[in-house]
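>
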Amino acid sequence: MFDAKNFIDEAISKLKEEIKGKAIIAVSGGVDSTVAAYLSSKAIGERLLPVFIDTGLMRKNEGFFVKRMFSEIGMNIKVLDKKDYFLSALKGIIDPEQKRSIVGERFIRAFEEEAKGFGAEYLVQGTIAPDWIESGGGIRERIKTHHNVGGVPENIKLKIVEPLKELYKDEVRVVARYLGLPISERQPFPGPGLAVRIIGEVTEEKLNILRDVTEIVENEIESAVAKGEIRKPWQYFAVLLPIKTTGVHGDKRVYGDTVALRVIDSLDGMSGNYSQLTHSLLEKISIRITNEIPKINRVVYDITNKPPSTIEWE
Amino acid sequence: MMKVFVVDNGGQWTHREYRVLKYLGVETKIIENTTPLEKILKEGVDALVLSGGSPSISVEAQKLGREGDYLESGIPILGICVGAQFIGLYYGGKVGPANIPEYGKTELNIIEKDDLFFGLPNTFYVWESHNDEVKELPSGFQLLASSKNCKIQAFRHKNKKIFGVQFHPEVENTEYGKEVFQNFLNTI
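Residue numbers (the working numbering), protein chains in the order written: chain A, 1 to 314; chain B, 1001 to 1188.
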């Protein structure tokens, strides 16, 4: 079985050995990068600079949440507002793989700039096994470009350090629980953020709609979990579709947007079942979305397992 | 400690095989399928698992490296998905695109419990992800399990410790997956 203490001791001593000078670490507020940051900070102390980039593709209040969470665990992070830098590059892009590699490239360029200022030669990333597996390479097919692997440009100047590379999410959670990190149970969120949950072009308007929808989905699922009505799913989110359909609002015809709910149960993200939520819970989510966000007049539920689907739509 | 290596054919679940073996208390690592046999023998390996992967068996068998050498070596082998198809092809069976490919949850019917399915129910759910399949077993092999849309889901060599499964026992959602691995390890 997986031994967290053993893993932590080994990881810290390997990080001490591998990182000779200063390093920066890319943190997102998720469990992987938080664990990687915590271990790196134990290994090299002040020689580490944790950086959170607000890409404009995040959920509501994410920057605030992440900064507060890190200060709770005794770490200071630098928050960079790079919204325009990311959104301008995504203008007109509809291909999901292109979105993913643009985001990956922008992340690296932004980190390179920060590293230069801090005098760091190393970039620590919270890459876990599914990231490099799905990114492909050699005889392995690329299923999708993970921003921290396949999205990394070839001419990167920083040396990449990946202490969690051989672990799956459930194992990272075991480490996070052992370390007492508050985000140990947080659901995964993709590196390219909401960009891969908006099918078609990413715009500020769509991002704002999707942020509102996401908040409702997270609230309702998390409150059902808190009440003990359901077990916590692996992931629960919404995808904004480029499809308009007909609806009726107060006896008037409307032609509005559609969102798909994706709720999935999995151990490690490498295979999964769609969650068999009750109809009453699905209905509650649907009523809230369509009433609180009038632009959405249709909600559909994704009932596909992985495989054949992937968890995220793009 | 028993030593079992995972031969990588580029599957999405190759690393899962490594994980399941590790959790079963086996010393394991992932190796390239072009690794020379002598090198594997020198490391004192007890068995090999041939992973799944995207190569299409009827036209890209060369992408499976030196797995023919491994089959000749007498090392016990469990082939999974394209690894199993390669075993079928290597010994002269018929392989090719499946009439009905299977993706995700599928019911497995055990025909012969033998070693691999020892102590397991007669039917259970397994997860699939394949476009190709073994269409006819080579002589000297025995059929162990089928599904509705794929007749050859599991097979073994009648005298050697060579097994093939079309489904993916390493996937968390597959029922009794760990037991299938343990049963394979028990034959060694």
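Where a beta carbon is used, it is the ideal one built from N, C-alpha and C, also for glycine.
Note that the structure is a prediction, hence the values are computed from the model and not measured.
1) Which value, in whole angstroms, describes the spacing of the CA atoms of I216 of chain A and L57 of chain A?
2) S1139 of chain B CB to nearest chain A CB: under 9 angstroms?
3) Between A1061 of chain B and N1033 of chain B, what straight-line distance do the alpha-carbon atoms span, to the nearest angstrom?
4) Excluding five sequence neighbours on each side, which residues of the same chain lie with their C-beta closer than 7 angstroms to the C-beta of T1028 of chain B?
5) According to DSSP, is Q1166 of chain B part of a helix, a strand, or is it coil?
6) Could you name each continuous beta strand (DSSP E) segment of 3 residues or more that falls completely within the region 207–253 of chain A, going from the start of the chain to the end?
7) Please report how far the alpha carbon of D1008 of chain B lies from the alpha carbon of G1164 of chain B, in whole angstroms.
8) At least one CB of chain A closer than 9 angstroms to the CB of R1019 of chain B: is that the case?
9) Please report the Cβ distance between S1146 of chain B and N1109 of chain B, rounded to the nearest whole angstrom; I am assuming they are in contact, meaning their Cβ atoms lie under 8 angstroms.
10) Please tell me whether W313 of chain A and V149 of chain A are closer than 9 angstroms, where the distance is taken between their beta carbons.
11) Would you be able to state if there are at least three C-beta pairs under 8 angstroms between the region 1137–1145 of chain B and the region 1092–1104 of chain B?
12) Would you identify the three-state DSSP class for S13 of chain A, choosing helix, strand or coil?
13) So, does the CB of P233 of chain A fall closer than 9 angstroms to a CB anywhere in chain B?
14) Could you check which residue in A:N305, A:L15, A:D212, A:I311 has the C-alpha nearest to that of K159 of chain A?
15) Identify every residue that forms a DSSP beta bridge with D319 of chain A.
16) Which residues does DSSP pair with C1150 of chain B in a beta bridge?
17) Between the alpha carbons of S280 of chain A and L210 of chain A, how many angstroms are there, rounded?
18) Decide if the region 1029–1049 of chain B is in contact with the region 1062–1077 of chain B; the criterion is three or more beta carbon pairs, one per stretch, under 8 angstroms apart.
19) Return the residues of the region 1094–1112 of chain B that lie within a Cβ-Cβ distance of less than 7 angstroms from chain A, sorted by chain order.
20) Which chain B residues sit within Cβ distance under 8 angstroms of Y168 of chain A?
21) In the region 251–281 of chain A, which residues sit with their C-beta less than 8 angstroms from some C-beta in chain B, listed in chain order?
22) By a C-beta neighbour count over all protein chains shown, 10 Å radius and 16 as the cutoff for buried, is K157 of chain A buried or exposed?
23) Starting from the C-beta of A11 of chain A, find all residues in its chain whose C-beta is less than 6 angstroms away, skip the five residues before and the five after it, and write them out in chain order.
24) Starting from the C-beta of P96 of chain A, find all residues in its chain whose C-beta is less than 7 angstroms away, skip the five residues before and the five after it, and write them out in chain order.
25) Between the C-alpha atoms of V1082 of chain B and I1100 of chain B, what's the straight-line distance to the nearest angstrom?
According to the structure shown:
1) 17 angstroms
2) no
3) 12 angstroms
4) V1004, F1005, V1006, Y1018, L1021, K1022
5) coil
6) As for any beta strand (DSSP E) of minimum length 3 sitting wholly inside the region 207–253 of chain A, the runs are 235–249, ordered along the chain.
7) 15 angstroms
8) With 9 angstroms as the cut-off, R1019 of chain B counts as an interface residue toward chain A.
9) 5 angstroms
10) no
11) The region 1092–1104 of chain B and the region 1137–1145 of chain B touch, with no fewer than 3 CB-CB distances between them shorter than 8 angstroms.
12) helix
13) no
14) Answer by Cα proximity: A:L15.
15) Residue numbering for chain A in the displayed model covers 1 to 314; residue 319 of chain A lies beyond these limits and cannot be assessed.
16) B:S1147
17) 22 angstroms
18) yes
19) Listed by position along the chain: Y1103, G1104, K1105.
20) R1019
21) S266, L267, D268, M270, S271, G272, N273
22) exposed
23) L39, P163
24) V196, E314
25) Their backbone Cα atoms lie some 16 angstroms apart in a straight line.
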